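Undergrad: Residue numbers (the numbering used here): -1 to 126. Where is the CB? At the ideal position from N, CA and C, for every residue including glycine. Model, not experiment: these values are computed from the prediction. The structure under discussion is supplied below as structure tokens; questions concerning it will follow.
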Amino acid sequence: MHRYAFTDPNIVRLANPFIYYRLRMVDADGRFAYSKILALNLHSKDPVVLLYPNPTKNNASLMVSLQKQETLSIKVINQGGQVVNLHSMTLSAGSSTIPVQVQGLASGIYTISIRGTTFNKQLPLLKE
């Protein structure tokens, strides 16, 4: 079994609040099958937060789509629970891209913690 990840950088720019995805899986012999269709509701009250590329060798980006202005705290946390990078910023409503600096960090798995006034998300990041 293989695990794959895909980040759609255009998701926050779409006018339709419902987005549908499915995979087309192709075998080495050319045969293919489709996955079940997954639906996302972009008008949920939770902000859209995407982290890409993941894994990364240098730096990553957070794409955040907010319903209203919020002050965010963004932490990069190592496997030992230590905060190795911390940013605080205020973002306006709409979509923003935030650089996540991991270039000088050792290879490993990190947690990116994003805390706003109305939400808190943790995303794993693999630093190669």
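Note down the Cα distance separating I107 from V24, rounded to an integer number of angstroms.
TA: 30 Å
Undergrad: Cα-Cα, which of S111, P45, P15 is closest to L64?
TA: P45
Undergrad: Look at the alpha carbon of P53 and the alpha carbon of Q101, and state the distance between them as a whole number of angstroms.
TA: 12 Å
Undergrad: Could you give the residue range of the beta strand (DSSP E) that holds N95?
TA: As written in the sequence, residue 95 is Thr, which differs from the Asn given in the question. Run containing T95: 92 to 98, per the beta strand (DSSP E) assignment.
Undergrad: Excluding the 5 residues flanking I35 on each side, which residues of the same chain have their C-beta closer than 8 Å to its C-beta?
TA: Here I35 has Y18, Y19, R20 as same chain residues with Cβ atoms under 8 Å from its own Cβ, once five neighbours each way along the sequence are excluded.
Undergrad: Compare the C-alpha of P97 against each of R22, F30, I112 and name the closest.
TA: I112
Undergrad: What residue does the beta strand (DSSP E) around T54 start on, and which one ends it?
TA: No beta strand (DSSP E) contains T54, which DSSP labels as neither H nor E.
Undergrad: May I ask you to report which of helix, strand or coil DSSP gives I9?
TA: Helix at I9.
Undergrad: Of all the options R22, A26, L89, which has the alpha carbon lying nearest to the alpha carbon of Y32?
TA: R22
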